[in-house]
Each structure stands twice: as structure tokens, then as C-alpha cells.
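Protein chains in written order, with the working numbering: chain A, 900 to 1167; chain B, 2 to 301.
Note that beta-carbon positions come from the ideal geometry of N, C-alpha and C, so glycine has one too.
This report refers to the structure that appears directly beneath it.
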Amino acid sequence: MLELRGATYRYAGYARPVLHEVDLALRDGEIVGLVGGTESGKSTICLVASGLAPLSIGGELRGEVRIDGEPTAGLSVHELAQWVVIGFQNPATQRSGVAATVFEEVALGPMNLGLPVAETLARARRALATLRIEHLADRDPARLSGGQGQLVAIAGLLAMGPRHVILDEPTAQLDPEGSNLVAAALRDLAATGAALLVAEQRTDLLDGLCDRVVVVDGGRIVLDGPAAATLEDRRLEDWGVEPPSRVRLARALAARGLPSLAELGWPA
Amino acid sequence: MAGVSTVAAGAGGASGAADAGVAAAGASRAAAAAIEVAGLVHVYPEGTRALTGVDLRVAVGESVAIVGQNGSGKTTLVRHLNGLLRPTEGVVHVDGRDVTGERVARLAGFVGLTFQDPDRQIFAGRARAEVAFGPRNLGLRGTALEAAVADALAAVGLADAADVNPYDLGYSRRRLLAIASVLAMRTPIVILDEPTTGQDLRGVALVREIVRGLVAEGRTVLAISHDMRFVAEAFGRVVVMREGRVVLDGTPAEVFAEAAWPALASTWLEPPLAARVGAHLGLGSTPTESALVEALAVRS
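Okay, structure coming up:
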């Protein structure tokens, strides 16, 4: 379980907080989608939930973050990394800059956790295989396409065998099948008991993946409910969130008085 | 239903375009070429063969989406069009001129290119200065420069952020700023690398409007995208890449038609939901929601 309790956060150098009294509990084995318009506070929630804000980037947090019931205040970044990992929007932010090959990059996390060499290598191989990027193993991580970089960053997180995972737009630069592979890997992680928070603009991905979806607007949680119902909420567009394709299509059919998708026998 | 032109390996986009199946795209190709790429091969210094033989002709005023698996060569291809990369083999003509030997500074007057990662592009301390950099280098000064900057910032919804430090903007707004920097150069060819990535509903609508506006002005627009719904709705032509070459080339209705799905799947793409539902109902190729709704309305 990963919890934010009454979390109000102000970035260093800013006069006002950008998150206000956020309560969010991610249960073990649960995949929670986080949606909202540009600069609504999604990325900030990710940073606070991962502990990097304020631990690594400063600023001021009121309220608290708890992992498995224990407050995270007072933990160091490397201690926290054993409990919760975060994947950033831009894979270039994630890249260590010290690894000469993709394999080394992916192995870096488990290595830093002090795992035995054999275990480290096995985890790196498994993570590459899960996302079908074994062929990139010997490439220079700085010379990958945007999407390949994103897959390598996610493989690096998987290799850490994380207890809980925070992802900020993990599939933004991925082709559809790459997104499907990431979704399958996240489901497998959840099945091990991890709690996952996935911030995404692409609601099509969240529609099939999440148990629950949370909507954030102006730094506050404005809706929190089962994924299907939340993604069908009429207010989504007012909050700057594009509804999933199936919802848009259903509305377009209804507007013309045509049969619903279910009546048309879809999904087939 | 028209079949998509499946470009045989190495046969070339120009010959593929002669297929009867791409009549719509073919008609526009009688127009002057904005871009002509023939036999383009690119091998990166460490040995990665990113392009293995690309042939592509884009007519002036066309809107072309370039799609394909991660690492299929999309970004490598477009970086040849403004001279950031030079061919290992093959030739690239932009506006009728061979880019070999052309300086990037001169090509910048013809081709505006945004980067996938805005942080590789943005360097100024104010949004206004960032956007002014390109057009100033092209010789614009005074009120003309100010107008170009103001128009470009307004087009991406950042008019009120002109004096903000770009790094005080969130990532998705920095991406929009990078697009504004290219728009301000008013180049005849505009290339956008994954313009909708990370954008919310309003951001995607802005990008769609920008593409529509550029096309209405007769400019040539290329965009790399993984968002198949955006591709189907905003572009007249879709070029599909796999392993460094073009494997499909046609209108959205052709490229997302059921017959082309195996080729799409081979490069890790799937057609938009509207196309899948349309095929399921035997309505032919309905790549967009509006096409599907129209086809259903006609049938009932």
C-alpha cells in the first residue's frame, strides 16, 4: 500500500503550492490511472508519491506519504528506492549517463541495490526479454530512438523488482504494440502485489489496464472511481482529458441515433 | 475498395505511388515535389543501419504522417530533410535541390523541424527569445519579427507565456514552445516529430488546428506520430515504415483498410478503433469516427 495523506506540495522557489490536500491510497496489486489536463498536477503527484519531492528536488510537503503503513519522512533516496521506483515522461531524464550499453543501463538498478552479480544479470536479461528489446542489449543507451529509450527506461525499473511503481506517461513515445507490452508487464507486476500509479494522457491505454482512475485538476483530486465509469464521465473533457476511443465512438453513434457498440456486436 | 499500395522492398515509393490503388495521392503527385528521397541509406557511426533504402516523393502542399515501430527509422529519415544527417547512400532533394553540400543554415529557410525531445532544442531564457531565434537567423527584424513570434506563440496557446523562462513551463508546454519556434520561421516545409505526445485534449486540438492551418496555406507538412486516430483524422497520406524502409503508402482509408492490417501489425501498429469496428461490420475502410458514423448512417 502506498498512500498520500493530505499532501500539499510547493516547489522550491514557488510562492504557492501546486498540490492541495491530496488523499490517494494505492492498494497492493492495484493499478491506478492518473489523468488530468496539462499542468493539472499529475507529474507533481508522481514526484511526491515517489518521495523525490521533496527529498531530491526540495520544496515543501505538508501531509505525508506512507509506504506499507510506514511514513517515508526521514528515509534517504536510496532507502526509498527499495520500496518505490518512478519512471519519467522523458527517457533522457531517466538515463544514468554512465552505462556504455543498454544491458549495463538496465542492470544498473539491481546492481545499486547490492544484489549478487548472477541475480543482477538474470534480472536485466529478463527485463529486456519482457519488453522484447534483447536486440538493443549492446547498443549505446544515448543513441536510441525516443520509444526505444522509453522501453529501456521501463526495463530498468522492472529489473529492480520494485515493491511499488510510479510511472509518468510511460508510453508517450511508444508504438501501439510497445504500449501493449508495457501494459502486460505492468499487469504482471501488479500480480506480484505491487501497487502501481500510471499517469497518462492516452486514456485508451488506461481503459483496459486500470482498476481505478483518478482525475486531477488544479492540483486537487476531483474524481476517483472504477476505471470504466470514470473514463465515461461527461466532465472529463472539461478537465482537459480526452475520453477513450470507445467512449468517443459510443457518443458519436448515440448523437446520430445509431445502434450502440454493444448492439453492433462490438467488441467482437 | 481501393487496395493500399504495399511498397515492395527496395522497389521504391515513387513506383509504388503509380499503383492504381493510390489514385488520390497519385493525382497530387503530379504537382511539384517538395521532397524527393531516392535510395536513402543511413548507417550511424557505431554501425546501426537506421535506413535501408527509402524512396519517398512528397508534393508541395501534401500532409503526410510517418508512422512505424519504435526504431523503424522515422526520425532518422526526417533529419535528412534539413541536413542534420547526411545520406550514407542515396539522394535527398528538397525544393528541387540536392541537400548534399547544402548548409543546414540555408536549408533552415525551407524546412522547419521540431525535435521529439524539446529539451534538445530549447536554450533561450525567455519563450519569446526562443521563438525569435529561428526567424531572426533567417533575416527577419523589427515588427515583422515581432509579428512572426506573436503569431507562433498564439498558435500554440502560449501568447501569455512570452516572457516566461521555458524551463518554468511544464514538459508538454515546452513541446508546444518547440513547435512555435518552428512555426515562426514560416518555412514552406514543416516537420513535426511526435507533436501530440504528452498533450492533453486541448493540446491535441491545437496541434490538429496547426496542421490544418499549415495545409490551408499550401505548406507541406510531415509529422511522425504513434497516435493512429490523430493520423487518420489530420493527414491526407500515411507512410508506414519498418526496419528502415517504407512498407505502406496511401491515404488513411487505404493504409487502415483491413487488407493492410498484417503489414501494419508487422511494424507493431494497429488501426484506429473506428477502422476495426468498420471492418467488423463489413462497412469497408472507415479510418475515422466520422467515416464510421457516416457509413453506418448510410447503411441503416
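Burial state of residue i (16 or more Cβ within 10 Å)
i           : result
Thr-289(B)  : buried
Gly-1008(A) : buried
Arg-1155(A) : exposed
Pro-119(B)  : buried
Pro-46(B)   : exposed
Val-997(A)  : exposed
Phe-124(B)  : exposed
His-43(B)   : buried
Pro-263(B)  : exposed
Val-150(B)  : buried
Tyr-908(A)  : buried
Ser-64(B)   : buried
Ser-1078(A) : buried
Glu-1162(A) : exposed
Asn-1175(A) : Nothing in the structure corresponds to residue 1175(A), since chain A is present only between 900 and 1167.
Thr-77(B)   : buried
Pro-1158(A) : exposed
Asn-83(B)   : buried
Thr-1091(A) : exposed
Ala-1167(A) : exposed
Ser-73(B)   : buried
Thr-101(B)  : exposed
Leu-172(B)  : Per the sequence shown, residue 172(B) should be read as Tyr rather than Leu. Tyr-172(B) should be labelled buried.
Glu-1068(A) : buried
Local conformation of residue i per DSSP, three classes
i           : result
Asp-1110(A) : coil
Glu-963(A)  : strand
His-1063(A) : strand
Ala-24(B)   : The pLDDT assigned to Ala-24(B) is 40, lower than 50, so where the model puts this residue is not dependable, and the model offers no usable value.
Pro-1166(A) : coil
Glu-969(A)  : strand
Ala-185(B)  : coil
Thr-943(A)  : helix
Arg-238(B)  : strand
Glu-920(A)  : strand
Ala-1128(A) : helix
Arg-50(B)   : strand
Ala-224(B)  : strand
Leu-979(A)  : helix
Arg-30(B)   : Because the pLDDT of Arg-30(B) is 45, which lies under 50, any placement of that residue in the model is unreliable, and the number read from its coordinates should be weighed accordingly. If DSSP states are grouped into helix, strand and coil, Arg-30(B) belongs with coil.
Arg-926(A)  : coil
Asp-56(B)   : strand
Leu-1135(A) : coil
Leu-177(B)  : helix
Val-1140(A) : coil
Val-278(B)  : helix
Run of the alpha helix (DSSP H) containing residue i, from where it starts to where it stops
i           : result
Ala-106(B)  : 105–108
Tyr-908(A)  : Looking at the DSSP string, Tyr-908(A) is not in any alpha helix (DSSP H); the run it does join, the beta strand (DSSP E), is 901–909.
Leu-270(B)  : Unbroken run through Leu-270(B): none, as it is neither H nor E.
Ala-125(B)  : Careful: Ala-125(B) lies outside any alpha helix (DSSP H) and carries neither H nor E.
Leu-933(A)  : Where Leu-933(A) is concerned, there is no enclosing alpha helix (DSSP H), although the beta strand (DSSP E) it sits in stretches over 930–934.
Leu-951(A)  : 951–954
Val-294(B)  : 290–300
Val-112(B)  : First-last for Val-112(B): 112–114, but that is the beta strand (DSSP E), not the alpha helix (DSSP H).
Val-1146(A) : 1144–1154
Residue range of the unbroken beta strand (DSSP E) whose run includes residue i
i           : result
His-43(B)   : 34–44
Glu-1076(A) : First-last for Glu-1076(A): 1075–1090, but that is the alpha helix (DSSP H), not the beta strand (DSSP E).
His-94(B)   : 90–95
Val-1097(A) : 1094–1098
Arg-211(B)  : The amino acid occupying residue 211(B) in the given sequence is Ile; Arg does not appear at that position. Counting along the chain, Ile-211(B) falls outside any beta strand (DSSP E), though it belongs to the alpha helix (DSSP H) covering 202–217.
Gly-143(B)  : First-last for Gly-143(B): 143–156, but that is the alpha helix (DSSP H), not the beta strand (DSSP E).
Val-256(B)  : Careful: Val-256(B) lies outside any beta strand (DSSP E), inside the alpha helix (DSSP H) at 253–256.
Asp-169(B)  : Here Asp-169(B) belongs to no beta strand (DSSP E), and DSSP marks it neither H nor E.
Asp-194(B)  : 190–194
Interface residues of chain E facing residue i [CB-CB closer than 7 Å]
i          : result
Gly-199(B) : Absence of chain E from the displayed structure is noted, the protein chains being A and B.
Along the segment 1138–1151 of chain A, where does the CB come closer than 7 Å to a CB of chain B? Name the residues.
Gly-1139, Val-1140, Glu-1141, Ser-1144, Arg-1145, Arg-1147, Leu-1148, Ala-1151
Could you run through the segment 65–93 of chain B and flag, in chain order, every residue whose CB is less than 9 Å away from some CB of chain A?
Val-68, Gly-69, Gln-70, Asn-71, Gly-72, Ser-73, Gly-74, Lys-75, Thr-76, Thr-77
Residue ranges of each beta strand (DSSP E) run of no fewer than 3 residues wholly in the segment 58–84 of chain B, ordered along the chain?
64–69
In chain order, each beta strand (DSSP E) run of at least 3 residues that lies wholly inside the segment 981–1067 of chain A:
983–986, 1063–1067
Give me the subset of the segment 169–191 of chain B whose CB atoms are less than 8 Å from a CB atom of chain A, sorted by chain position.
Gly-171, Tyr-172, Ser-173, Arg-174
Proximal residues, the segment 906–937 of chain A versus chain B, C-beta separation under 8 Å:
Gly-935, Gly-936, Thr-937
Taking only beta carbons into account, state which residues of the segment 256–270 of chain B come closer than 7 Å to chain A, listed in chain order.
Trp-269, Leu-270
Proximal residues, the segment 44–67 of chain B versus chain A, C-beta separation under 8 Å
Tyr-45, Glu-47, Thr-49
For the segment 1082–1095 of chain A, list every residue whose C-beta sits within 8 Å of some C-beta in chain B, in sequence order.
none
Determine which residues of the segment 221–246 of chain B have a Cβ less than 9 Å from any Cβ of chain A, and write them out in chain order.
His-227, Asp-228, Met-229, Arg-230
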